[in-house]
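Enquirer:
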Amino acid sequence: MSEDKSNNPQLERLLNIMQQLRDPKMGCPWDQKQNFESIVPHTIEETYELVDAILSGNMVDTKDELGDLLFQIVFYAQLAKEQGDFDFEDIAETISDKLIRRHPHVFQATAMKTDDELNQQWEKIKQLERESAGKTLDNSALANIPKGMTPLLRAQKIQKNCAKVGFDWTELPPVVDKIHEEIAEVLAEINVSKPDQQAVEEEIGDLLFAVVNLARHTSVNAETALIKANRKFEKRFRQVEQIIAHQGLSMENASLEQMEAAWQQVKGH
2 MSEDKSNNPQ LERLLNIMQQ LRDPKMGCPW DQKQNFESIV PHTIEETYEL VDAILSGNMV
62 DTKDELGDLL FQIVFYAQLA KEQGDFDFED IAETISDKLI RRHPHVFQAT AMKTDDELNQ
122 QWEKIKQLER ESAGKTLDNS ALANIPKGMT PLLRAQKIQK NCAKVGFDWT ELPPVVDKIH
182 EEIAEVLAEI NVSKPDQQAV EEEIGDLLFA VVNLARHTSV NAETALIKAN RKFEKRFRQV
242 EQIIAHQGLS MENASLEQME AAWQQVKGH
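For the sequence shown, my numbering gives the first residue as 2, with consecutive numbering after it.
1) Relative to the C-alpha of GLN128, which candidate in GLN240, ARG102, ASP53 and LYS26 has its C-alpha closest?
2) Does the Cβ of GLU4 have 16 or more other Cβ atoms within 10 Å, making it buried, or fewer, making it exposed?
3) Residue ranges of each alpha helix (DSSP H) run of no fewer than 4 residues wholly in the region 113–171, ordered along the chain?
4) Compare the beta carbon distance of VAL176 and ASN214 with 7 Å and say whether it is the shorter of the two.
5) Can you give, in chain order, each stretch of the alpha helix (DSSP H) that sits fully within the region 22–101 and has at least 4 residues?
6) Which term fits ARG232, buried or exposed, when burial requires 16 or more other beta carbons within 10 angstroms of its beta carbon?
7) Taking the runs of the alpha helix (DSSP H) that are 4 residues or longer, which of them lie wholly in the region 214–255?
8) Nearest to THR151 by alpha carbon, out of LEU227, HIS247 and TYR77?
9) Determine, using beta carbons only, whether LEU208 comes closer than 7 Å to chain B.
10) Taking LEU257 as the reference, which of ILE245, VAL267, GLY249 and LYS268 has the closest Cα?
11) Taking only the alpha-carbon atoms, compute the straight-line gap between LEU12 and HIS181 and give it to the nearest angstrom.
12) Skipping 5 residues on each side, what residues in its chain have a beta carbon closer than 7 Å to that of GLN109?
13) Going by C-alpha distance, which of GLU38, THR63 and GLN35 is nearest THR48?
14) Apply the 10 Å Cβ neighbour rule to ALA189 and answer buried if 16 or more other Cβ atoms are within range, or exposed otherwise.
15) Among GLU242, GLN248, ILE205 and MET252, which has the Cα closest to the Cα of VAL267?
16) Quick one: is MET60 buried, meaning 16 or more other Cβ sit within 10 Å of its Cβ, or exposed?
17) Can you give me the Cβ contacts of ASP1 inside the same chain, cut-off strictly under 6 Å, excluding the 5 residues immediately before and after it?
18) Looking only at its chain, what residues have a beta carbon closer than 7 Å to the beta carbon of HIS43, apart from the 5 residues adjacent to it on each side?
19) Please state whether DSSP places ALA262 in a helix, a strand or coil.
20) Take GLN259 and list the residues in its own chain whose beta-carbon comes closer than 8 Å to its own, dropping the five residues that flank it on each side.
21) Any contact of the region 200–216 with the region 33–40, i.e. 3+ C-beta pairs under 8 Å?
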């Protein structure tokens with residue numbers, strides 16, 4: 002484990018603060034009782050808060066959220082250092098080595114490659130890394146897709162890996178047709194006298210997977226698209242609430258027709 006000190010005074014300050022927070026006698030009680038598993042939810046939350054700040058275009062908030070995410074990494078580094086596994090310097094060294102290793106076309110005297118050649122080179126290097134690390138060899142196109150990914154991102158990654166081996170449509174019409182097919186199957190399961198909830202869930206899952214495929218084929222990140230859709234809906238809904246309130250009503254006692262009229266008014270602006 003490296004003992005080198007950072008040449009960046011603010012980074013060294015942050016590492017020292019983290020160490021103080023974890024001090025058994027003088028540290029913060031909350032920070033003292035945390036472990037790798039307990040702070041995972043906070044890491045995920047901070048990641049989404051960073052995404053939200055970036056999509057809002059607010060660079061002050063983006064800087065703040067980047068700091069919160071950096072603190073998560075520093076926290077993990079301190080926990081590992083206490084256990085004698087690694088420290089922050091080791092993390093930085095590992096990623097630096099990896100970036101140089103995976104970009105020979107940048108850091109070595111090799112000819113520049115096409116995008117396809119770069120992707121093939123990237124996958125080959127990753128495979129060699131797994132082999133040298135003694136990891137179990139999995140030759141599936143779906144090997145090494147993180148199970149911790151959000152469902153939308155994982156669906157897109159699964160589809161992308163399948164496409165690399167030719168298991169994919171080459172044109173858009175069949176992708177759209179598949180969505181219509183999945184909608185029909187959802188409706189078929191719903192429009193029965195006693196719908197099977199498990200079957201309905203399965204068909205809706207297939208529909209979502211098909212929509213993610215449409216996003217991929219149109220070069221859209223499904224996760225980002227849904228985040229933006231959520232933000233747009235929330236903004237419009239809040240405006241609807243304001244319109245209804247200006248009419249002397251509440252959302253609870255306004256009619257559906259009144260709310261729909263307000264919604265169309267918002268959409269028209």
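Glycine residues also receive a C-beta, built at the ideal position from the N, C-alpha and C atoms. These numbers come from a predicted model, not from an experiment.
Expert: So, to answer that:
1) ARG102
2) In this prediction, GLU4 has a pLDDT of 49, which is less than 50 and means its spatial position is unreliable; what the coordinates show is noted afterwards. Answer is exposed; the Cβ neighbour count stays below 16.
3) 116–133 and 152–165
4) yes
5) 30–33, 41–57 and 60–84
6) exposed
7) 223–247
8) LEU227
9) Reference to chain B is not applicable here, since this structure consists of a single protein chain.
10) ILE245
11) 53 Å
12) none
13) THR63
14) exposed
15) GLU242
16) exposed
17) Missing from the structure shown is residue 1; the chain here goes from 2 to 270 and no further.
18) GLN73
19) helix
20) ILE245, GLN248 and LEU250
21) no
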